[in-house]
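Engineer: Just so you know, our numbering puts the end of the sequence shown at 489, numbered straight through with nothing missing. Sharing a structure with you now.
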Amino acid sequence: MALLDILEHPDPRLRLRAEPVAAFDETLGRFVEDLLETLYSTDAIGLSAPQVGDRRNVLVMDLSETRTTPEVYINPEIGSKSGFGLVEESCLSVPGVTGNVVRAVTLSVSAQDRSGTFFDRELTGMHSVCLQHEMDHLEGKLFIDRLPMLEKLRLRFFSRPTGLGVGAS
Ligand code: ZN
């Protein structure tokens, strides 16, 4: 097992779309373990492959208090969504920034586990929010893309005082 480096905005690799996983082999198993170990080295509840510079369509989450209930979603697809709410989010790849994003409260998701077996799950509350946040990463999106324009402007002017025009996203 190994800790993976977490990329930070505006690294262009965070903007790449992940590619479907076809080979459910030992290499994938090792990658999932590394992704989980990296997640557990932080205080975050979810981590996606693009955040460690990997193009595979993989995300992991653990919302348990004891950090002993890993969830692995490979090639996830959201079915239905219902009940929308405003949620305050942050992201390991956008350090020091929090913002309110509209997310579905409940959703159904289909995905594969690390051995390739398909499963369907219904998620609600923070579970649902976390999955939507991580699935955004798989599409090359960040939660700051979803903030209202005024909020984006505020971040541009106040969170990067020396970075104006340098490495702009
Ligand atoms: Zn994130």
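Beta carbons: idealized from backbone N, C-alpha and C, even for Gly.
1. At a cut-off of 6 Å, would you count residue 450 as near the ligand ZN, judging by its Cβ distance to the nearest heavy atom?
2. Could you tell me how far apart the beta carbons of residue 449 and residue 423 are, in whole angstroms, since I believe they sit closer than 8 Å?
3. Report the rounded CA-to-CA distance for residue 458 versus residue 409, giving the unit in angstroms.
4. Ends of the beta strand (DSSP E) at residue 350?
5. Closer than 8 Å is the cut-off here; do at least three beta carbon pairs connect the stretch 394-406 with the stretch 425-433?
6. Select from 357, 361 and 344 the residue whose C-alpha is nearest the C-alpha of residue 438.
7. Given a threshold of 16 other Cβ atoms within 10 Å of its Cβ, counted over all protein chains shown, does residue 451 qualify as buried or as exposed?
8. Rounding to the nearest angstrom, what Cα-Cα distance links residue 483 and residue 327 in this structure?
9. Would you call residue 333 buried or exposed, if buried means 16 or more other Cβ atoms sit within 10 Å of its Cβ?
10. Could you tell me whether any non-hydrogen atom of the ligand ZN is closer than 6 Å to the CB of residue 413?
Structural biologist: Taking the geometry as given:
1. Answer for residue 450: no, Cβ out of range of the ligand ZN.
2. Sure, about 5 Å apart at Cβ, within 8 Å.
3. Approximately 17 Å between the Cα atoms of the pair.
4. Counting along the chain, residue 350 falls outside any beta strand (DSSP E), though it belongs to the alpha helix (DSSP H) covering 346-360.
5. A contact is defined here as three or more CB-CB pairs under 8 Å, and the stretch 394-406 meets this definition with respect to the stretch 425-433.
6. The option with the nearest alpha carbon to residue 438 is 344.
7. When all chains shown are included, residue 451 counts as buried.
8. Below a pLDDT of 50, predicted positions are generally treated as unreliable, and residue 483, at 41, falls in that range; no measurement from the model is reported.
9. With fewer than 16 other Cβ atoms within 10 Å, it is exposed.
10. For residue 413, the shortest separation between its Cβ and any heavy atom of the ligand ZN lies below 6 Å.
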